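A.B. asks: For the sequence shown, counting from 1, position 117 maps to 125 in the numbering used here; every step adds exactly one.
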Amino acid sequence: MYRYDEFDERIVRERVAQFGGQVARRLSGELLEDEFKPLRLQNGVYLQMHSYMLRIAIPYGQLSPRQMRQLARIARDFDKGYGHFTTRQNIQFHWIALKDVPEVLGLLADVEMHAIQTSGNCIRNTTSDHFAGAARDEIKDPRPWCEIIRQWSTFHPEFAFLPRKFKIAVTAAETDRAAIRVHDIGLHMRQRGETVGFEVHVGGGQGRTPVIASLVNEFVPEDRLLDYLEAIMRVYNLHGRRDNKYKARIKILVTELGEAEFTRQVEAEFAAQKPHEKIDLPREEIERIHTYFARPDFPAKPEISEAFEAARSTDAGFARWVKNNLHPHVTPGYTSVTISLKPVGGTTGDATAAQMETVADLAESYGFGDVRVTHTQNLILPHVALDDLPAIHAALVAAGIATPNEGLITDMVVCPGLDFCTLANARSIPVGQAVQQVFADPDYQEDIGRLHLNISGCINACGHHHVGHIGILGVDKKGEEFYQISLGGRADEKAAIGDITGPGLKSEEVPGALKRVIDTYRSLRTSKDELFIDTLNRLGHDPFKEALYATD
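(1) What number of angstroms, rounded off, separates the C-alpha of E314 from the C-alpha of L522?
(2) Are there 16 or more other CB atoms within 10 angstroms of the CB of S344, so buried, or fewer, so exposed?
(3) Rounded to the nearest angstrom, what separates F301 and P152 at their Cα positions?
(4) Between the Cα of L495 and the Cα atoms of S515, K485 and I526, which residue gives the shortest distance?
(5) Count the other C-beta atoms from every protein chain shown that fall within 10 angstroms of the C-beta of Y54, then say buried if there are 16 or more, exposed otherwise.
(6) Where A327 and P390 are concerned, what is the direct C-alpha to C-alpha distance, given to the nearest angstrom?
(7) Inspect the beta-carbon positions of S515 and E488 and report whether they are closer than 7 angstroms.
(8) Taking just the CA atoms, how far does A442 sit from E226?
(9) Name, in chain order, the residues that DSSP records as bridge partners for V204.
(10) Which class does F174 belong to by DSSP, given the choice of helix, strand or coil?
(11) Thinking H401 and A142 are a contact (beta carbons under 8 angstroms), I'd like their distance in whole angstroms, please.
(12) Check whether the stretch 108-120 and the stretch 25-45 are in contact - that is, three or more C-beta pairs closer than 8 angstroms.
(13) Quick check: the Cα distance between F447 and H102, rounded to an integer number of angstroms?
(14) Going straight from the alpha carbon of D42 to that of A181, what length do you get?
(15) Is the beta carbon of V379 sitting closer than 7 angstroms to the one on M76?
(16) Just curious, the alpha helix (DSSP H) that G28 is in, first and last residue?
(17) If contact is defined by three or more beta carbon pairs under 8 angstroms, each pair taking one atom from either stretch, is the stretch 463-471 in contact with the stretch 409-423?
(18) Counting beta carbon pairs with one atom in the stretch 276-293 and one in the stretch 366-374, are three or more of them shorter than 8 angstroms?
(19) Tell me the rounded alpha-carbon separation between T126 and G201.
(20) Going by other Cβ atoms of all chains shown within 10 Å of its Cβ, with 16 needed for buried, is I147 buried or exposed?
(21) Mind checking A280: buried by the 16 CB within 10 Å criterion, or exposed?
(22) If you run the structure through DSSP and keep just helix, strand and coil, what is P73?
(23) For M61, list the residues DSSP reports as bridge partners.
(24) Roughly how many angstroms separate the alpha carbons of R524 and L556, rounded to a whole number?
(25) Are the CB atoms of P171 and G266 nearer to each other than 7 angstroms?
(26) Pull up the distance between the alpha-carbon of E155 and that of N468, whole angstroms please.
(27) Starting from K45, trace the alpha helix (DSSP H) both ways and give me its first and last residue.
(28) Helix or strand or just coil, what does DSSP make of D395?
(29) Count the other CB atoms within 10 Å of the CB of T411; is the residue buried (16 or more) or exposed (fewer)?
(30) DSSP state of P229, grouped into three classes?
(31) Please report the straight-line C-alpha distance between D192 and E414, rounded to a whole angstrom.
(32) Alpha carbon to alpha carbon, how far is V475 from G506? Give it in angstroms, no decimals.
(33) Would you kindly work out how many angstroms separate the C-alpha atoms of V439 and P73, rounded to a whole number?
(34) So the alpha helix (DSSP H) I258 belongs to, where does it begin and stop?
(35) Give me the DSSP bridge partner(s) of G213.
(36) Compare the beta carbon distance of I417 and L459 with 7 angstroms and say whether it is the shorter of the two.
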């Protein structure tokens, strides 16, 4: 993983000291809240329902054991003993006292972490495929380019005060696990002969106006990527709406101009760049950053592990976990492990300090010092020998994070909702927990098969409900919480926005309604191999809408 150089270290330390002074002035009353707000947001500090919340950047979702242990320490010493992993591959602490934030930021700086640009109208954390560097189906490791984008975008003076927040995602696999088509800019690595480049998608996003990104350029060579990103950002910065925050995202600009005209303007800006304006990105610098992301030197292993096979044949719990929570690895004898943060009845994305320490220990002992955070609020050990899986599973069981449900209906994405967020209209967490209880039987979940269920507590869509195979949106109707159901969304390479089915349901009606939808799918699928989303696309939405609103 990337390691800070002296410039990174100095910049982060100076920011910590600067913000410490700003916090002191706020606490003394020298700064009023309206004056303090833009300063705290630049440092990832939000004012939520009950307290301040600190959002910490985890670039491209990668953590070392040392960093994970520091997050555990912050959870234990400065919060209520846990942290919340988010859909931007970040972590949030919801109960931080403002007076403690400078000390927490100092602890983060000790392990090469920060909270810079995790909020505000700037370029946020660049996300990526959580299996990057381990996946069999990627052409290259996208993380070095995520790091290059991070260095380019952090403190970029031209893009520090954009019309609205801005999000970039990068993938290099045919299967899109980074949801690039619902980002402001989505980059898909491609290779033409010996040249590596990027397919560039612009103008995706969720929220009040969900949009699938437009394909703006089929191939930008890697040494011209930053220049091309500059051109996109300049067009947006120049023409993006600042008079209406609901129309300020780049997706609105692309939609209003049209794909062809937006592309023409970007190409014109790109062509107009003068030699002194172009970003000098020498090949040796690209290669230097790539060396930080070299794969570990994996000891040779047989493709079949006797210890693994023996445990799978004798331990039903281990066998179920293996079936659902492993992902193919590029190296024979190894696999990638999903650590589900979705226990039935728990809070999606939450991990206790002790659980974080367990993951850090496992990564150090068995995982080549590598942990990833997914945009679906789980954790990953990307490099694990098959021989070590029984020991890893036993440790996860003891820590309460061995739920064997990756990709199944209980592996849902859920935002904090009205229990924490001042923007929310409705609670998300209790609805998710109630739905999980209906589908708690592991055999029932496996019979249903892979299905993405996403829940948001408001139209801002932090729970990504628009791209769930089944999406749930909480709305407020005259002080009462209702939940709209959408069907047919997806965030992969076939990205689509789900269609709202009809009137919202009361919270107590949602679990039963979803069970009727799921049981209708099970009765209509051609076989167990036909996934819910495929049956839905084959038959249309009508039979599922009918089931959703059926009355006994």
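Glycine is no exception: its CB is placed at the ideal position from the N, C-alpha and C atoms. Just so you know, these numbers come straight off a predicted model, no measurement behind them.
C.D. replies: So, to answer that:
(1) Counted from its first residue, the sequence shown places residue 314 at position 306. Counted from its first residue, the sequence shown places residue 522 at position 514. Rounded to whole angstroms, E314 to L522 spans 41 angstroms at the Cα level.
(2) Indexing the sequence shown from 1 puts residue 344 at position 336. Classification for S344: buried.
(3) Your numbering for residue 301 matches position 293 in the sequence shown. Your numbering for residue 152 matches position 144 in the sequence shown. Rounded to the nearest angstrom, the two C-alpha atoms are 7 angstroms apart.
(4) Reading the sequence shown from its first residue, position 487 is the one you call residue 495. The shortest Cα separation from L495 among S515, K485 and I526 belongs to I526.
(5) Indexing the sequence shown from 1 puts residue 54 at position 46. It is buried - the Cβ of Y54 has at least 16 other Cβ atoms within 10 Å.
(6) The residue given as residue 327 occupies position 319 in the sequence shown. The residue given as residue 390 occupies position 382 in the sequence shown. Cα-Cα distance, rounded: 19 angstroms.
(7) Your numbering for residue 515 matches position 507 in the sequence shown. Your numbering for residue 488 matches position 480 in the sequence shown. No, these two residues do not count as a Cβ contact at 7 angstroms.
(8) For the purposes of this step, residue 226 is identified with residue 218 of the sequence shown, where counting begins at 1. For the purposes of this step, residue 442 is identified with residue 434 of the sequence shown, where counting begins at 1. Rounded to the nearest angstrom, the two C-alpha atoms are 44 angstroms apart.
(9) Numbered from 1 along the sequence shown, position 196 holds the residue referred to as residue 204. Looking at the DSSP assignment, V204 forms a beta bridge with Q199.
(10) To locate residue 174, count along the sequence shown from 1; it is residue 166. Of the three classes helix, strand and coil, the one that applies to F174 here is strand, per DSSP.
(11) Locating residue 401 in the sequence shown gives position 393, where the first residue counts as 1. Locating residue 142 in the sequence shown gives position 134, where the first residue counts as 1. About 19 angstroms; that fails the 8 angstroms criterion.
(12) yes
(13) Within the sequence shown, numbered from 1, the residue matching residue 447 stands at position 439. Within the sequence shown, numbered from 1, the residue matching residue 102 stands at position 94. In a straight line, the C-alpha of F447 is about 29 angstroms away from that of H102.
(14) Position 34 of the sequence shown holds residue 42. Position 173 of the sequence shown holds residue 181. Rounded to whole angstroms, D42 to A181 spans 44 angstroms at the Cα level.
(15) Residue numbering aside, residue 379 sits at position 371 when the sequence shown is read from its first letter. Residue numbering aside, residue 76 sits at position 68 when the sequence shown is read from its first letter. In this structure, M76 lies closer than 7 angstroms to V379 by Cβ.
(16) Residue mapping note: residue 28 aligns to position 20 of the sequence shown, counting from 1. Start and end: E14 to S36.
(17) yes
(18) no
(19) Locating residue 126 in the sequence shown gives position 118, counting from the first residue. Locating residue 201 in the sequence shown gives position 193, counting from the first residue. Rounded to whole angstroms, T126 to G201 spans 37 angstroms at the Cα level.
(20) Within the sequence shown, residue 147 is the residue found at index 139, counting from 1. So I147 ends up on the exposed side.
(21) In the sequence shown, counting from the first residue as 1, residue 280 sits at position 272. That one is exposed.
(22) Here residue 73 refers to the residue found at position 65 of the sequence shown. Three-state DSSP puts P73 in a helix.
(23) Residue 61 sits at position 53 when you count from the first residue of the sequence shown. Beta-bridge pairing links M61 to Y54.
(24) Within the sequence shown, the letter at position 516 stands for residue 524. Within the sequence shown, the letter at position 548 stands for residue 556. Going by the C-alpha atoms only, they are around 6 angstroms apart.
(25) Counted from its first residue, the sequence shown places residue 171 at position 163. Counted from its first residue, the sequence shown places residue 266 at position 258. Not a contact, by the Cβ cut-off of 7 angstroms.
(26) Counting from 1 along the sequence shown, the entry for residue 155 is found at position 147. Counting from 1 along the sequence shown, the entry for residue 468 is found at position 460. Going by the C-alpha atoms only, they are around 27 angstroms apart.
(27) Start at 1 with the first residue of the sequence shown, and residue 45 comes out as number 37. Segment E41 to L49, the alpha helix (DSSP H) holding K45.
(28) Counting from one through the sequence shown, the residue named residue 395 turns up at place 387. Three-state DSSP puts D395 in a helix.
(29) As a first step, residue 411 is located in the sequence shown; it is residue number 403 there, counting from the start. Classification of T411: buried, given that the 10 Å Cβ count is 16 or more.
(30) Numbered from 1 along the sequence shown, position 221 holds the residue referred to as residue 229. Here P229 sits in strand by DSSP.
(31) In the sequence shown, the residue the question calls residue 192 occupies position 184. In the sequence shown, the residue the question calls residue 414 occupies position 406. The alpha-carbon atoms of D192 and E414 are separated by roughly 27 angstroms.
(32) Sequence index remark: in the sequence shown, residue 506 carries index 498 (1-based). Sequence index remark: in the sequence shown, residue 475 carries index 467 (1-based). Distance between the alpha carbons of G506 and V475 is about 6 angstroms.
(33) As a working note, residue 439 is residue 431 in the sequence shown. As a working note, residue 73 is residue 65 in the sequence shown. If you take the alpha carbons of V439 and P73, they lie about 33 angstroms apart.
(34) For the purposes of this step, residue 258 is taken as residue 250 along the sequence shown, with counting starting at 1. That run of the alpha helix (DSSP H) goes I258 to L265.
(35) Translated into positions along the sequence shown, residue 213 becomes position 205. DSSP, once it has assigned bridges, lists V219 as partnering G213.
(36) Position 409 of the sequence shown, counting from 1, holds the residue named residue 417. Position 451 of the sequence shown, counting from 1, holds the residue named residue 459. Going by C-beta atoms, I417 is nearer than 7 angstroms to L459.
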